[in-house]
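Residue numbers are given in UniProt numbering: position 173 of the sequence shown equals residue 173, and the series is strictly consecutive. Following: one structure in structure tokens, then a few remarks.
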Amino acid sequence: MGQLIDGVWHDTWYDTKSTGGRFKRTSAAYRNWVTADGEPGPTGEGGFAAQKDRYHLYVSLACPWAHRTLMMRKLKGLESFISVSVVHPLMLENGWTFGDDFPAATGDTLYQHDFLYQLYLQADPHYSGRVTVPVCGIKNARPSAMNPPISSVCSTALSTRWARVPAITTRKRCVLRLTS
């Protein structure tokens, strides 16, 4: 998996002994919210205004957290508002890589990076931590990376402004879709 330490990539795996071999997702380094007016979200941390074609989502089809984000994007009808780049599903010595040599992998269609960690370095040249998906980047601005919970990527602010899906809770929406 590897990680960045003060802006330098290190091909080192995270400590699996302390977790009994389980993958424990750490809290996101970037936790910003997409809100109707750009005000901070429920956590009180930074917010970005909901605007059409402002956001770009980076995912891996091999990652369950990224998969949930893609599902929410689809359920909320945000495909034409949030563009997507899909990394290669295998993490090698440089972590998540971009390329189109695997079915459904797209390469980095926004910045043309070779590796996902380069996106993190664009946002913070001295970033330290793991480089994970999903990541939502902001287009047409100083490159910024955030690794938000699914609720902030496809938030109510976005769904009430553009989505074709009624503004009901995600859980109810998923149940309705699966049982109808």
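Cβ atoms here follow ideal geometry from the backbone N, Cα and C, with glycine treated the same way. None of the values given here were measured: they were computed from a predicted structure.
Straight across, the Cα-Cα distance linking residue 118 with residue 103 is about 23 angstroms. Taking a cut-off of 8 angstroms for Cβ pairs, the region 67-80 and the region 88-96 do not touch, as fewer than three such pairs fall below it.
In this structure, 115 is the residue among 69, 115 and 65 with its C-alpha nearest to the C-alpha of residue 8. Of the candidates 99, 124 and 132, the residue whose Cα lies closest to the Cα of residue 112 is 99. Residue state for residue 75 is assigned as helix, using DSSP reduced to three classes. When 50, 87, 53 and 127 are compared, the shortest CA-CA separation from residue 60 is found for 87. Sixteen is the threshold: since fewer than 16 other Cβ atoms of the shown chains lie within 10 Å of the Cβ of residue 64, the residue is exposed. In the DSSP annotation of this structure, the continuous segment of the alpha helix (DSSP H) that includes residue 117 starts and ends at 117-123. Between residue 139 and residue 58, the gap from beta carbon to beta carbon reaches 8 angstroms or more.
Taking residue 106 as reference, the option from 37, 121, 89 and 42 with the minimal CA-CA separation is 89. When DSSP reads this structure, residue 97 sits in a beta bridge with 115.
Between residue 110 and residue 85, the C-beta spacing is below 8 angstroms.
Taking the CA atoms as reference points, residue 127 sits about 33 angstroms from residue 77. By the Cβ neighbour-count rule, residue 66 is buried, with 16 or more other Cβ atoms within 10 Å of its own. Per DSSP, reduced to three states, the secondary structure at residue 70 is helical.
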